[in-house]
Amino acid sequence: MVSTYVPSELRGKGIAADLVRTALNKARSLNKKIIPSCSYVVTFLNRHPDYNDLVSE
1 MVSTYVPSEL
11 RGKGIAADLV
21 RTALNKARSL
31 NKKIIPSCSY
41 VVTFLNRHPD
51 YNDLVSE
């Protein structure tokens, strides 16, 4: 996951978290792994370790 972006007028509403959560759930349903290069995704994964099984080694 390279980048997440939410327009400034929509920030602070949990949209980025919803976006990342949806993408991670989709990856899980497809039995895929991710490489988190986006700092927001890395932070999200640190806060939600239940998704760490999706991170490619």
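Residues in the sequence shown are numbered from 1 upward in steps of one, following full-length UniProt numbering.
Cβ coordinates follow ideal geometry from the N, Cα and C atoms, glycine included.
Distance, Cα to Cα, residue i vs residue j?
i: residue 21; j: residue 41; result: 9 Å
i: residue 5; j: residue 31; result: 25 Å
i: residue 12; j: residue 24; result: 20 Å
Between which residues of its own chain and residue i is the CB-CB distance below 8 Å, once the five residues before and five after are set aside?
i: residue 2; result: 37 and 38
Could you pull out every residue in the same chain whose Cβ sits closer than 7 Å to the Cβ of residue i, ignoring the five residues on either side in sequence?
i: residue 14; result: none
Applying the 10 Å Cβ sphere with the 16-neighbour rule, what's the burial state of residue i?
i: residue 10; result: exposed
How is the alpha helix (DSSP H) around residue i delimited, first residue to last?
i: residue 26; result: 15–29
i: residue 47; result: 39–47
Would you say residue i and residue j are within 8 Å of each other, going by their C-beta atoms?
i: residue 44; j: residue 17; result: yes
i: residue 33; j: residue 19; result: no
Within its chain, find whatever has a CB closer than 6 Å to the CB of residue i; leave out the 5 residues flanking it on each side and keep chain order.
i: residue 47; result: none
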